[in-house]
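Participant: Structure incoming, see below.
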Amino acid sequence: MADDNKPLNFIQQIITRDLAEGVVEKVVTRFPPEPNGYLHIGHAKSICLNFGLAAQFGGACNLRFDDTNPEKEEDEYVHAIIEDVRWLGFQWDGEIRYASNYFDQLYAWAQQLIREGKAFVCELNAELMREYRGTLTEPGKNSPWRDRPVEENLALLEQMKNGDIDEGRMTLRAKINMASPNINMRDPVLYRIKKRAHHRTGDKWNIYPAYDFAHGQEDAIEGVTHSICTLEFAANRPLYEWFIDNLPVPSKPHQYEFGRLNLNYNITSKRKLKQLVDENHVDGWNDPRMPTISGLRRRGVSPAAIRNFCDSLAVAKTDGVVDMAQFEHFIRDDLNDNAARAMCVLNPLKVTFTNVPEGEVEMLSAAGHPNRDDLGERQLPFTREIYIDREDFNEDSSLSRKKFKRLVPGEWVRLRGAYVIQANDMVKDDSGEIVEILAEIIPGTLGEDAPEGIRPRGVIHWVSATECVDCEVRLYDRLFSDPAPEAGDRNFLDFINPESLQILQGCKAEIGLADAAVGNYYQFEREGYFSLDSRYSSPEKPVFNRTIGLRDTWKD
Ligand code: ATP
Ligand code: MG
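Using the working numbering, the letters of the sequence shown map in sequence onto residues 793 to 1348.
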């Protein structure tokens, strides 16, 4: 939703004016995905814009599937898109709409154009059609089939529809102007023969409408007032308007174009995302490294973070590239406010306290969140054996306090929410690797400063070794190692980061995380933000995805 202090973007200005002048009474927008892939972060910008405008101006926003091409469309995508829009927090007006609901009406309108001498059945094949179309600098030529009699056109269209004519043999084209400087106006194709079953209309049709012939009329049928699309459709606008002006449509929508969202280190082409999935470069459309809405959800990004990010973006008449760091800022910002705090040791090293009796469990507690009382208190059992992270111990006690604010032999650290401890000794295995630290707790330091002369180097996280949850942790890096994997004629596959997924086994999480649920957000103190993986996690073996690291890992 728009922030009251933000200047209105150009579309908000147009709507404000249209409402003030009574050009429209109620704003109606739509989000029109083609069900040929999963939604990505670029779509989120369009969703937030369309649903956001409807909410801001007291209007309505439709969800309409642009299912005019049965070759690439599937029900799986329809379901995924519905789930994603809902999860982002938006509710469409009334029923879900489908372009395929309007196929009969579109066909009737095509017949009407024929009757009025504004459309014809053309028999140029694809190659000749291209040749006749002309170029940006040269006009096109009229098709030899342009002046077919009306009755013949109507009969042929019927045969095309019924499947009596082979694919590629004929098309229905509008009769506009082959000399137009706008190539879109050079007798564009309205219908192509495709002998394909459609995911909703089955075998009923053997012809399917072109995007240009369908989109504006669908908008008009639904009473859409402001039809917002991305800039690449600017040159299609005259055609959009030509159909609206030449057909008895029930309303007069207007098309407006805005700049698409491109995020560096990412790709936002459905075709390329599908290739990543089909060729198994990733673990499905919802792989946590994918810029898809479902991937971001599985990664542990909240819907609010996506909405806040999208609302921060300029709605402009130019395309631009947005820095991934800007998105990450919104992800952290939201998780910092909302993620429950917890401790998890990713690379466990055992510490045994020689002055704590075996079998003793002292129940300590800590805040669920430093400034969210509603997130309650968490229980932290303290025991003779705990785990700390290997990174938090160094056997070189000559390391300066400034450089290494963690545990070294002979010195102290504070355990987060627990005692100050002192490392006395270490146990190594045959290969010389440290396998255990022998230490002592400093009595009286629970919630109290250490006595004179005992100076902890820092604060580290820990987990009881006997009262904990064994888990797997998945750390992610950017899927592409280059900021512009699709620039120029590059092959984006060449820039896949081979180290974008690191799987850690045997991590130790605090006991309360036994109750973690998919869709909950956690901050593992000092490690970052985490969330349960919806695909691989099970009650027996929780699997946590790292959504994103903390800004400053050692800020304590
Ligand atoms: P395709 O190439 O398959 O058409 P598309 O990304 O345009 O892919 P659509 O399903 O047609 O996919 O998109 C639905 C809506 O989302 C359209 O209105 C489109 O303009 C908008 N959209 C798509 N990508 C972006 C993007 N990167 N930024 C902003 N809006 C986008
Ligand atoms: Mg599109």
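Using N, Cα and C, we set each Cβ at its ideal position, and we do this for glycine too.
Between which two residues does the beta strand (DSSP E) carrying residue 1158 extend?
Facilitator: The residue you call residue 1158 lines up with position 366 of the sequence shown. Unbroken beta strand (DSSP E) run through residue 1158: 1154-1159.
Participant: Can the beta-carbon of residue 1029 be found less than 9 Å from the beta-carbon of residue 1010?
Facilitator: As a first step, residue 1029 is located in the sequence shown; it is residue number 237 there, counting from the start. As a first step, residue 1010 is located in the sequence shown; it is residue number 218 there, counting from the start. No, the Cβ-Cβ distance between residue 1029 and residue 1010 is not below 9 Å.
Participant: If you reduce the DSSP assignment to three classes, tell me which class residue 993 lands in.
Facilitator: The sequence position of residue 993 within the sequence shown is 201, counting from 1. Residue state, collapsed to three classes: coil.
Participant: Just to check my reading of the structure: residue 854 and residue 884 have Cβ atoms closer than 8 Å, yes? What is that Cβ distance to the nearest angstrom?
Facilitator: Counting from 1 along the sequence shown, the entry for residue 854 is found at position 62. Counting from 1 along the sequence shown, the entry for residue 884 is found at position 92. Contact holds; Cβ gap of about 6 Å.
Participant: Taking Cβ positions, are residue 1208 and residue 1253 nearer each other than 9 Å?
Facilitator: If you number the sequence shown from 1, residue 1208 lands on position 416. If you number the sequence shown from 1, residue 1253 lands on position 461. Taking 9 Å as the Cβ cut-off, residue 1208 and residue 1253 qualify as a contacting pair.
Participant: Return yes when at least one heavy atom of the ligand ATP lies under 8 Å from the C-beta of residue 1052, else no.
Facilitator: Here residue 1052 refers to the residue found at position 260 of the sequence shown. Yes.
Participant: Specify whether the segment 1173-1185 and the segment 1147-1165 touch according to this definition: at least 3 beta carbon pairs, one from each stretch, less than 8 Å apart.
Facilitator: yes
Participant: So, are the CB atoms of residue 1019 and residue 822 less than 9 Å apart?
Facilitator: What you label residue 1019 is simply residue 227 of the sequence shown in a count that begins at 1. What you label residue 822 is simply residue 30 of the sequence shown in a count that begins at 1. Yes.
Participant: Pick out whichever of 1339, 865, 846 and 1144 has its Cα sitting closest to the Cα of residue 882.
Facilitator: Start at 1 with the first residue of the sequence shown, and residue 882 comes out as number 90. Comparing Cα-Cα distances from residue 882 to each of 1339, 865, 846 and 1144, the minimum goes to 846.
Participant: Secondary structure at residue 808, three-state DSSP: helix, strand or coil?
Facilitator: Looking up residue 808 in the sequence shown gives position 16. Three-state result, residue 808: helix.
Participant: State buried or exposed for residue 912, treating a residue as buried only when at least 16 other CB atoms are found within 10 Å of its CB.
Facilitator: The residue you call residue 912 lines up with position 120 of the sequence shown. Classification of residue 912: buried, given that the 10 Å Cβ count is 16 or more.
Participant: Below 8 Å on the Cβ atoms is my guess for residue 1097 versus residue 1126; work out the distance and round it to an integer in Å.
Facilitator: Start at 1 with the first residue of the sequence shown, and residue 1097 comes out as number 305. Start at 1 with the first residue of the sequence shown, and residue 1126 comes out as number 334. A Cβ-Cβ separation of about 4 Å places residue 1097 in contact with residue 1126 under the 8 Å criterion.
Participant: Residues in its own chain within less than 8 Å of residue 1189 by CB, not counting five upstream and five downstream?
Facilitator: Along the sequence shown, read from residue 1 onward, the residue named residue 1189 stands at position 397. Correct list, in chain order: 1200, 1201, 1202 and 1203.
Participant: Using alpha carbons as the reference points, say which of 849, 1232 and 1228 lies closest to residue 1214.
Facilitator: As a position in the sequence shown, residue 1214 is number 422, starting the count at 1. The option with the nearest alpha carbon to residue 1214 is 1232.
Participant: Determine, using beta-carbon pairs with one atom in the segment 1132-1143 and one in the segment 1088-1108, whether at least three such pairs fall under 8 Å.
Facilitator: no
Participant: Alpha carbon to alpha carbon, how far is residue 1120 from residue 1106? Give it in angstroms, no decimals.
Facilitator: Within the sequence shown, numbered from 1, the residue matching residue 1106 stands at position 314. Within the sequence shown, numbered from 1, the residue matching residue 1120 stands at position 328. Between the C-alpha atoms of residue 1106 and residue 1120 there is a straight-line separation of about 17 Å.
Participant: Can you name the start and end residues of the alpha helix (DSSP H) that residue 1116 belongs to?
Facilitator: Taking the sequence shown and counting its residues from 1, one reaches residue 1116 at position 324. Per DSSP, residue 1116 belongs to the alpha helix (DSSP H) from 1116-1130.
Participant: Spatial neighbours of residue 1181 within its chain, please: C-beta separation below 8 Å, excluding the five flanking residues on both sides.
Facilitator: Here residue 1181 is taken as the residue at index 389 of the sequence shown, counted from 1. Same-chain partners within the cutoff: 1137, 1138, 1139, 1140, 1141, 1252 and 1253.
Participant: Are the beta-carbon atoms belonging to residue 1124 and residue 1342 less than 9 Å from one another?
Facilitator: If you number the sequence shown from 1, residue 1124 lands on position 332. If you number the sequence shown from 1, residue 1342 lands on position 550. Yes, the Cβ-Cβ distance between residue 1124 and residue 1342 is below 9 Å.
Participant: Does the distance from the C-beta atom of residue 1321 to that of residue 1328 stay below 9 Å?
Facilitator: The sequence position of residue 1321 within the sequence shown is 529, counting from 1. The sequence position of residue 1328 within the sequence shown is 536, counting from 1. Note that the C-beta distance between residue 1321 and residue 1328 is not below 9 Å.
Participant: Expressed to the nearest angstrom, what Euclidean distance is found between the alpha-carbon atoms of residue 1218 and residue 1212?
Facilitator: Along the sequence shown, one-based indexing puts residue 1218 at 426. Along the sequence shown, one-based indexing puts residue 1212 at 420. Taking the straight line joining both Cα atoms gives about 18 Å.
Participant: Given a threshold of 16 other Cβ atoms within 10 Å of its Cβ, counted over all protein chains shown, does residue 1310 qualify as buried or as exposed?
Facilitator: As a working note, residue 1310 is residue 518 in the sequence shown. Looking at its Cβ environment, which holds fewer than 16 other Cβ atoms inside 10 Å, residue 1310 is exposed.
Participant: Count the other CB atoms, across all protein chains shown, that sit within 10 Å of the CB of residue 929; report buried if there are 16 or more and exposed otherwise.
Facilitator: Locating residue 929 in the sequence shown gives position 137, where the first residue counts as 1. Its Cβ having fewer than 16 others within 10 Å, residue 929 is exposed.
Participant: Cβ-heavy atom distance between residue 826 and the ligand ATP below 8 Å?
Facilitator: Residue mapping note: residue 826 aligns to position 34 of the sequence shown, counting from 1. For the ligand ATP, at least one heavy atom lies less than 8 Å from the Cβ of residue 826.
Participant: State buried or exposed for residue 1223, treating a residue as buried only when at least 16 other CB atoms are found within 10 Å of its CB.
Facilitator: Numbered from 1 along the sequence shown, position 431 holds the residue referred to as residue 1223. With fewer than 16 other Cβ atoms within 10 Å, it is exposed.
Participant: If you run the structure through DSSP and keep just helix, strand and coil, what is residue 1082?
Facilitator: Position 290 of the sequence shown, counting from 1, holds the residue named residue 1082. In the structure shown, residue 1082 adopts coil according to DSSP, grouped into three states.
Participant: In chain order, what are the residue ranges of uninterrupted beta strand (DSSP E) at least 3 long that sit wholly in the segment 1053-1104?
Facilitator: 1053-1055
Participant: Which same chain residues end up closer than 6 Å to residue 832 when comparing Cβ atoms and leaving out the 5 residues on each side of it in sequence?
Facilitator: In the sequence shown, counting from the first residue as 1, residue 832 sits at position 40. Cβ within range, chain order: 1060, 1083 and 1084.
Participant: To the nearest angstrom, how far is the alpha carbon of residue 1003 from that of residue 1297?
Facilitator: Mapped onto the sequence shown, residue 1003 falls at position 211. Mapped onto the sequence shown, residue 1297 falls at position 505. Each residue's alpha carbon lies about 49 Å from the other.
Participant: Taking the straight line between their C-alpha atoms, what separation do you get for residue 1303 and residue 1167?
Facilitator: Counting from 1 along the sequence shown, the entry for residue 1303 is found at position 511. Counting from 1 along the sequence shown, the entry for residue 1167 is found at position 375. Near 16 Å, if we compare the C-alpha coordinates of residue 1167 and residue 1303.
Participant: Is residue 1122 near the ligand ATP, with its Cβ less than 8 Å from a heavy atom?
Facilitator: Along the sequence shown, read from residue 1 onward, the residue named residue 1122 stands at position 330. No, the ligand ATP has no heavy atom inside 8 Å of this Cβ.
Participant: When the Cα atoms are used, what is the spatial distance from residue 1346 to residue 1323?
Facilitator: Taking the first residue of the sequence shown as position 1, residue 1346 is located at position 554. Taking the first residue of the sequence shown as position 1, residue 1323 is located at position 531. The pLDDT assigned to residue 1346 is 36, lower than 50, so where the model puts this residue is not dependable; a value taken from the coordinates is nonetheless given after this. Each residue's alpha carbon lies about 21 Å from the other.
Participant: Of the residues 1326, 1276 and 1246, which one's Cα is nearest the Cα of residue 1265?
Facilitator: Within the sequence shown, the letter at position 473 stands for residue 1265. The shortest Cα separation from residue 1265 among 1326, 1276 and 1246 belongs to 1326.
Participant: Could you pull the DSSP bridge partners for residue 1337 from this structure?
Facilitator: The residue you call residue 1337 lines up with position 545 of the sequence shown. DSSP lists 1266 and 1323 as partners of residue 1337.
Participant: If I measure Cβ to Cβ from residue 803 and keep anything under 8 Å in the same chain, skipping five residues before and after, which residues do I get?
Facilitator: Walking along the sequence shown from the start, residue 803 turns up at place 11. So the list reads 841, 845, 1018, 1020, 1048, 1050 and 1107, once near-sequence residues are dropped.
Participant: Pick helix, strand or coil for residue 953, following the three-state DSSP scheme.
Facilitator: Locating residue 953 in the sequence shown gives position 161, where the first residue counts as 1. Looking at residue 953 - three-state DSSP - the assignment turns out to be helix.
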